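Let me begin by presenting the structure, written as structure tokens, before commenting on it.
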Amino acid sequence: MERPEHFIARMRRLVALERDAEIEETARLLASLPASALEARGLCIGRLRVVEEDAGLGGRILLAFERTRGELLPPTRIQPGDIVRATQPETKSERQPAGRRRAEDAGPPLSGIVYKKTAARVTVAVDDLPEDGLGDGVFRLDRVANDITYRRMREVLDRLDSDRPAAAAALRRAILGEREPRYDPPRALKPLDPGLNRSQIEAVEHALSAREVALIHGPPGTGKTTTVAEAIRQAAARREKVLACAPSNIATDNLAEILARTGLDVVRIGHPARLLPAVIEHSLDVKVAAHPNTRVAQGLRRDLAEILRRLARARDRVERRARRDELRALRREIAAIEETAVRAVLDGAQVVLATCTGAADPLLEEREFDLAVVDEAAQALEPLTWIPLLKAERAILAGDHRQLAPTIISREAARGGLDVTLFDRLMARDGERFGRMLTVQYRMHRAIMEFPSRRLYGGRLDAAPAVAGHLLKELTGVEETPATSAPLWFIDTAGCSFDEEAEDEGESKFNRGEAEAAARHTESLVAAGLAPAAIGVITPYSAQVRFLRERLSGLGEVEIDTVDGFQGREKEAIVISLVRSNPRGEVGFLSDARRINVAITRARRHLAVVGDSATVARDPFIWEFVSYCETIGAYRSAWELGLGTV
Numbered sequence: 005m006e007r008p009e010h011f012i013a014r015m016r017r018l019v020a021l022e023r024d025a026e027i028e029e030t031a032r033l034l035a036s037l038p039a040s041a042l043e044a045r046g047l048c049i050g051r052l053r054v055v056e057e058d059a060g061l062g063g064r065i066l067l068a069f070e071r072t073r074g075e076l077l078p079p080t081r082i083q084p085g086d087i088v089r090a091t092q093p094e095t096k097s098e099r100q101p102a103g104r105r106r107a108e109d110a111g112p113p114l115s116g117i118v119y120k121k122t123a124a125r126v127t128v129a130v131d132d133l134p135e136d137g138l139g140d141g142v143f144r145l146d147r148v149a150n151d152i153t154y155r156r157m158r159e160v161l162d163r164l165d166s167d168r169p170a171a172a173a174a175l176r177r178a179i180l181g182e183r184e185p186r187y188d189p190p191r192a193l194k195p196l197d198p199g200l201n202r203s204q205i206e207a208v209e210h211a212l213s214a215r216e217v218a219l220i221h222g223p224p225g226t227g228k229t230t231t232v233a234e235a236i237r238q239a240a241a242r243r244e245k246v247l248a249c250a251p252s253n254i255a256t257d258n259l260a261e262i263l264a265r266t267g268l269d270v271v272r273i274g275h276p277a278r279l280l281p282a283v284i285e286h287s288l289d290v291k292v293a294a295h296p297n298t299r300v301a302q303g304l305r306r307d308l309a310e311i312l313r314r315l316a317r318a319r320d321r322v323e324r325r326a327r328r329d330e331l332r333a334l335r336r337e338i339a340a341i342e343e344t345a346v347r348a349v350l351d352g353a354q355v356v357l358a359t360c361t362g363a364a365d366p367l368l369e370e371r372e373f374d375l376a377v378v379d380e381a382a383q384a385l386e387p388l389t390w391i392p393l394l395k396a397e398r399a400i401l402a403g404d405h406r407q408l409a410p411t412i413i414s415r416e417a418a419r420g421g422l423d424v425t426l427f428d429r430l431m432a433r434d435g436e437r438f439g440r441m442l443t444v445q446y447r448m449h450r451a452i453m454e455f456p457s458r459r460l461y462g463g464r465l466d467a468a469p470a471v472a473g474h475l476l477k478e479l480t481g482v483e484e485t486p487a488t489s490a491p492l493w494f495i496d497t498a499g500c501s502f503d504e505e506a507e508d509e510g511e512s513k514f515n516r517g518e519a520e521a522a523a524r525h526t527e528s529l530v531a532a533g534l535a536p537a538a539i540g541v542i543t544p545y546s547a548q549v550r551f552l553r554e555r556l557s558g559l560g561e562v563e564i565d566t567v568d569g570f571q572g573r574e575k576e577a578i579v580i581s582l583v584r585s586n587p588r589g590e591v592g593f594l595s596d597a598r599r600i601n602v603a604i605t606r607a608r609r610h611l612a613v614v615g616d617s618a619t620v621a622r623d624p625f626i627w628e629f630v631s632y633c634e635t636i637g638a639y640r641s642a643w644e645l646g647l648g649t650v
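Per the working numbering, the sequence shown runs over residues 5 to 650.
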């Protein structure tokens, strides 16, 4: 086993490599690609204008952007919670790479966080406005790298190199292999959630018996987050202080929402612009604003909104400066009033929630917890996972190392082991000792479940009776057709001459013929009465996502995204386009069994995988999947279904 000091030094080097790779990649794209190409990659949105200004929580300013011509926003990777930079490049320079534009072409930059995004509008929360106001120009939003995450990883690695804080010393030593983890004899659990199955109860009993660390292994659809919530509720019932985290804002918010529904006093730390609407009322900002000590701040916020309106109308430079001074003074006053209430709100919370990065918030710097819980731990870089762990005496990690790991840009960092999560490492070290696996899944028809169960989960998964045989045709308003009566199809396009293509700018792949076949199958499900919103179309390649979104634009509620974008999601029907079709048999990152596992386990009642077996089945895992489909009578030729011609 690697010595702790060597492990920490290696992690420092790999984090630095990844940070440098992200900065270089962003700079390369901005310097070499025009705005149209960046927009096609989902990295920017151009031709925007500010249509509304409003006051947000915590004195922040909300700017709503829409397209200048009123059309819908393009498909984009820019999502709520992302950091963006707004600039006002001249229209003529929009065709030039960002790195080659003259400085005088750009207006004042404005950084903020995406607060909300709809089909036609993106709203950004900013802390301040430019000295001369926004003006009436055309804006462009660029998604930018966030150095805060890397800084916090470096800081936690420095702390990991010592026994401080003392409360986490035993946990640190057990995880780094300096001592064996200890477990008390499990105590029989009286579940607070009466719907838990036996494997979930055993996982919670084991987790609560851990003196240092325990794992909850939750394959797709097995109710992992429900099980995590039960463990947290049991700890809170023992009057333990709990810090609950996940690597993403969405996963953290989902856990917060579940816990809040049980009646626990939860506080979600994080920028309100990054939180789901259902969680806002449990955010620290809102709870502080509602605290008796800060009622006076409500009137100040109304004053703030009024000053914002006056600032928007101001045309004189002197008047704008005066209004901005008023804004700053009011915000300082609001912050001073709120500060006294923050401690009281956090002291009274049974569970504090934050992302793994957010757990390094200065508000939590001096706080220690009895238990740290990290959900979706198999999707978090190990240094990020350590941030909440070093604030607690014990830890529970929940996840599934058979699904996608965090994305690593630097190939050197990935080869060095940065793509190995803490959950991965502990499972490989002694998964039977550290963890318990959940074995009853509540999502998939048994025919969809059976292949991943056999291949990745030791054949241990069982389909709950309510889902084991469910089909699309049983849904209200859905007709009985061959597709709605089948839980699983592999639609083989071999011999159809549906060849893959590479996009003109970039490395992503698309396949026109296969996209058409996937689109027609999707349309047949809608024609049979299935609601478009109940369908997800998944493909590994962003270029194919863009192609399919255009092809299926008439079915606006059909959700089309990459495999990575669908992790943690589910739909009644999933249609997958594998894209790859070439004489060389190259499958690219389809060779990652975890990516295929995520894709095929998103479906509840119907899964259709469209692909060229002559290419994709050269990968051993996909070959086994195609063979499984043939064995159970789920293999279909595209010609047989009338999808073999374009």
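We put the beta carbon where it would ideally sit given N, CA and C, even for glycine. Since the structure is predicted, the reported quantities are computational estimates derived from the model, not experimental observations.
Measuring alpha carbon to alpha carbon, tell me which of 213, 51, 573 ends up nearest residue 540. 573
Please give the ranges of any alpha helix (DSSP H) in the stretch 567-625, keeping only runs that are unbroken, at least 4 residues long and fully inside the region. 567-570, 597-604, 617-620
Taking residue 240 as the reference, which of 353, 345, 259, 287 has the closest Cα? Answer by Cα proximity: 353.
Backbone CA spacing between residue 207 and residue 440 [nearest angstrom]: One C-alpha to the other measures close to 5 Å.
Is the beta carbon of residue 365 closer than 8 Å to that of residue 273? Residue 365 sits close to residue 273, with the two beta carbons spaced by under 8 Å.
Every unbroken beta strand (DSSP E) inside the stretch 363-413 [3 residues or more]: 373-378, 396-403
Alpha carbon to alpha carbon, how far is residue 612 from residue 536? Counting only the Cα atoms, residue 536 lies some 15 Å from residue 612.
From this set, 175, 178, 413, which residue's C-alpha is nearest residue 21's C-alpha? Selected option, being the one with the closest Cα: 413.
Got a sec, what are the start and stop residues for the alpha helix (DSSP H) residue 455 sits in? 450-460
Does the separation of the CB atoms of residue 363 and residue 425 fall below 8 Å? no
Ordered along the chain, which non-local residues of its own chain (more than five positions away) have a Cβ less than 6 Å from that of residue 53? Only 72 meet the Cβ criterion.
Residues near residue 606 by beta carbon distance below 7 Å, same chain, minus five either side: Excluding sequence neighbours, residue 606 sits near 540, 542, 570, 573, 574, 575, 578.
In the DSSP assignment, find the alpha helix (DSSP H) that holds residue 211 and state where it starts and stops. 202-213
Segments of 4+ residues assigned as alpha helix (DSSP H) that fall wholly inside the stretch 250-294: 253-265, 288-294
Beta-carbon within less than 8 Å of residue 451's beta-carbon, same chain only, minus the 5 sequence neighbours each way: which residues are those? 491, 492, 636, 638
Starting from residue 637, trace the beta strand (DSSP E) both ways and give me its first and last residue. First-last for residue 637: undefined, no H or E at that position.
Give me the residue from 559, 466, 520, 560 with the minimum Cα distance to residue 548. 520
First and last residue of the beta strand (DSSP E) that includes residue 121? 114-121
Straight-line CA distance for residue 329 to residue 305? 15 Å
Identified DSSP bridge partners for residue 493: Its beta-bridge partners are 612.
DSSP-derived helix/strand/coil call for residue 338: helix
How would you label residue 390, buried or exposed, when you count the other beta carbons within 10 angstroms and need 16 or more for buried? buried
Go ahead and label residue 194 buried or exposed: buried means 16 or more other beta carbons lie within 10 angstroms of its beta carbon, across all protein chains shown. exposed
Please classify residue 344: is it buried, with 16 or more other beta-carbons within 10 angstroms of its beta-carbon, or exposed? exposed
Below 7 Å CB to CB, which residues in the same chain sit around residue 186 once its five sequence neighbours on both sides are set aside? 215, 216
With 16 other CB atoms within 10 Å as the buried threshold, where does residue 122 fall? Residue 122 should be labelled exposed.
Looking at the secondary structure, which residues open and close the beta strand (DSSP E) in which residue 49 lies? 48-59
For a test of the three-state rule: what should DSSP assign to residue 14, helix, strand or coil? helix
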